[in-house]
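Visitor:
Residue numbers (the UniProt record's numbering): 1 to 87.
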């Protein structure tokens, strides 16, 4: 569930919080050699909170890890297809 779906009318919504998981995923992709699981990702993102822009929670980390893994996998997948096509 995202912050948007939980927000009620009149609740204050900080746009930085809504985009925190996306920004955290970008940071994880940029530093993909520095983490291998959500715990590593948590400590990396805590160290780099200034790049995320908000205090990092474990919920943000879980979403970011999922998004980062999809981004990394999609980047690897076309490269593998291109290499096979070249062979």
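All residues carry an ideal CB built from backbone N, CA and C; glycine is no exception.
1. Can you check which of these residues, 71, 70 and 43, is closest to residue 58 by C-alpha distance?
2. Hey, quick one: how far does the alpha helix (DSSP H) through residue 34 stretch, first residue to last?
3. Residues in the same chain with beta-carbon distance under 7 Å from residue 31, minus the five sequence neighbours each way, listed in chain order, please.
4. Whose C-beta lies closer than 8 Å to the C-beta of residue 72 among residues of the same chain, with five residues either side of it excluded?
5. Along the chain, where does the alpha helix (DSSP H) containing residue 52 start, and where does it finish?
6. Would you kindly check if the distance between the Cβ of residue 61 and the Cβ of residue 38 is under 8 Å?
Guide: With the given structure in hand:
1. Nearest C-alpha to residue 58: 43.
2. Unbroken run through residue 34: none, as it is neither H nor E.
3. Within the same chain, residue 31 has close Cβ partners 44.
4. Same-chain partners within the cutoff: 29 and 32.
5. Start and end: 49 to 52.
6. Taking the C-beta atoms as reference points, residue 61 is found nearer than 8 Å to residue 38.
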